[in-house]
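K.L.:
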Amino acid sequence: MKKRIALILTGTMLMGFVLSACGDNESTEKKDEKTENSVETSSNTNNRTTFTVGFDAEYPPYGYMDENGEYTGFDLELAEAVCKLEGWELVKKPINWDAKDMELNSGAIDCIWNGFTMNGREDEYTFSTPYVDNSQVIVVAENSGINTPEDLAGKTVGVQAASAALELLQSDEKDGQKALADTFGALNEFADYNTAFTELQAGALDALAIDIGVANYQIKSRGEGYKILEETLNTEQYAIAFKKGDQELRDVVNADLKKLTEDGTVAKLAEKYEISDMVTLK
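Per mature numbering (1 follows the signal peptide of the UniProt record, and there is no 0), the sequence shown runs over residues -21 to -1, 1 to 261.
1) Which residues mark the beginning and the end of the beta strand (DSSP E) in which K71 is found?
2) Assuming A218 and S107 form a contact by the criterion Cβ under 8 Å, report the distance between their Cβ atoms to the nearest whole angstrom.
3) How would you label C63, buried or exposed, when you count the other beta carbons within 10 angstroms and need 16 or more for buried?
4) Let me know if M81 comes out buried or exposed under the rule of 16 or more other beta-carbons within 10 Å of its beta-carbon.
5) Do you know offhand how far T29's Cα is from V231's?
6) When the Cα of Y110 is compared with those of E250, G86 and N233, which residue comes out closest?
7) DSSP beta-bridge partners for Q216?
8) Check whether the segment 205 to 214 and the segment 117 to 135 are in contact - that is, three or more C-beta pairs closer than 8 Å.
9) If I follow the unbroken beta strand (DSSP E) through D230, where does it start and stop?
10) Say whether the segment 38 to 58 touches the segment 92 to 107, bearing in mind that this needs 3 or more beta-carbon pairs closer than 8 Å, one atom from each stretch.
11) State the DSSP-derived secondary structure class of M44, mapped to helix, strand or coil.
12) Between K72 and I88, how many whole angstroms is the CB-CB distance? I'm expecting something under 8 Å.
13) What does the alpha-carbon distance come out to for the pair F163 and D151?
14) Taking the alpha carbon of I191 as the reference point, which residue from V119, Y50, D77 and K157 has its own alpha carbon closest?
15) Leaving out five residues before and five after G204 in sequence, what residues of the same chain have Cβ atoms less than 7 Å from its Cβ?
16) CA-CA distance, F169 and A140?
17) Under the assumption that G48 contacts L83 (Cβ atoms under 8 Å), give the Cβ distance between them as a whole number of angstroms.
18) Comparing C-alpha positions only, which one of G52, E65 and T174 sits nearest to residue 328?
19) Enumerated in chain order, which unbroken segments of the beta strand (DSSP E) with a length of 3 residues or greater are wholly contained in the segment 152 to 206?
20) Once you ignore the five residues that flank L228 on each side, which residues in its own chain have a CB closer than 7 Å to its CB?
21) How would you call D161, buried or exposed, if buried means at least 16 neighbouring beta carbons within 10 angstroms?
22) If we count the other Cβ atoms within 10 Å of its Cβ and call it buried at 16 or more, is N26 buried or exposed?
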C-alpha cells in the first residue's frame, strides 16, 4: 500500500515537472515572439520601401495634375526629394479631403502633405517642422465693389469643404471669424477651389475665402479680373501631418527637410512654384 502511494506521488511529481517545463517553454516562446514584434515595430522606418503621401489633387501650387496628366506641385516634388534621400518609392495618393483622417488612421497613407494647416490641430496629429507661412484671404472680382471684409455682408461666399478657411469661418474662438461669416448671405462649400473659382467667374459667387498661395496661383493662371482684399482673415502655417504618435517617421522626414534646405533644394522648388516669400525653411 505504501509502495503504491509512493508510486502515485512520484508520478504526480513527474507530471508536474513536465507541465511546468512546458509552461516555461511556452512562456519563453511568447517572450521571444513579443521581442520580435517589438523589434519589428521599432524598425518600421528602416524597413520601409515606399512612402505614401495623401494630397488634394486640385490644390495648386502644392498638389495638382499638370498638362501632361502627371501629379506634381511644390509639396509632391519636395516629398520626392525626401524619398530620394531615403531610397523610398514615392506613392502619390489623391484623396477626398473630407476623408483625410480616415485615410491616415487606417494606414492607407503615411502622411497628409498638401498645404495642410497645423494651427489648432496640434493635438490631433504629429506634425513636421512648419514649412510655409500662409494667410487666409478673400478673393473677389475686381469690379465687384467689395474692398473690405465688411463689404461681404449679405454676399454669397465660397469655400472648400473641410478646409482651414471653412474651420476659421465656423469658429467663434478668439481668432475665429464666425462673426464675419454670420453677416454673409450664404456660405457655400465646394469640393475643390477650381470649381469655386469657376462659380466666382460666372457670378454665382461674390467672393472666395481661400489660402493665399492657392489664390495667387489661381489668379495668375486665370488672368486679370480678380483681386485679393488687403485685410487677411488670419495667418497660419503649413506642416506635414503624420498619424498621432508616429514620431519616428516624422523625425526622419524633418531631418531630410533640413538637408534639403541646406543643399538649396527647398529654395529652388519655392522659386519654381513662386512661393519663395512664404517658405519658412531657410
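Ideal Cβ placement from N, Cα and C applies to all residues, glycine included.
P.N.:
Concretely, from the data shown:
1) E68 to P73 is the span of the beta strand (DSSP E), which, as asked, contains K71.
2) Approximately 5 Å separates the beta-carbon atoms of A218 and S107; this is inside 8 Å, confirming the contact.
3) Cys is not the amino acid found at residue 63; the sequence shown has Lys there. Residue environment for K63: exposed (fewer than 16 other C-beta atoms within 10 angstroms of its C-beta).
4) M81 comes out exposed.
5) Using only the alpha carbons, I get a separation of about 14 Å.
6) The shortest Cα separation from Y110 among E250, G86 and N233 belongs to N233.
7) Residue pairing by DSSP places Q216 opposite D112 in a beta bridge.
8) With a cut-off of 8 Å, the segment 117 to 135 and the segment 205 to 214 count as touching, because enough Cβ pairs lie within range.
9) Under the DSSP assignment, D230 falls outside any beta strand (DSSP E), being part of the alpha helix (DSSP H) whose first and last residues are Q226 to E241.
10) In short, these stretches touch, since the Cβ pair count reaches three.
11) In this structure, M44 counts as strand in the three-state DSSP scheme.
12) About 6 Å separates the two Cβ atoms, so the contact holds.
13) Computed Cα separation, rounded: 15 Å.
14) The closest CA to that of I191, considering only V119, Y50, D77 and K157, is found on V119.
15) Listed in chain order, the non-local C-beta contacts of G204 below 7 Å within the same chain comprise A120 and E121, local neighbours out to five positions each way being set aside.
16) F169 and A140 have their C-alpha atoms roughly 6 Å apart.
17) A Cβ-Cβ separation of about 26 Å leaves G48 out of contact with L83 under the 8 Å criterion.
18) Nothing about residue 328 can be reported from this structure: the residues present for the chain run from -21 to 261 only.
19) The segment 152 to 206 contains these whole beta strand (DSSP E) runs: 165 to 169 and 186 to 190.
20) Its chain contains T24, D89 and F221 as the residues whose beta carbon lies nearer than 7 Å to that of L228, once the 5 sequence neighbours on both sides are disregarded; these appear in chain order.
21) Its Cβ having fewer than 16 others within 10 Å, D161 is exposed.
22) By the neighbour-count rule (16 or more Cβ atoms within 10 Å), N26 is not buried but exposed.
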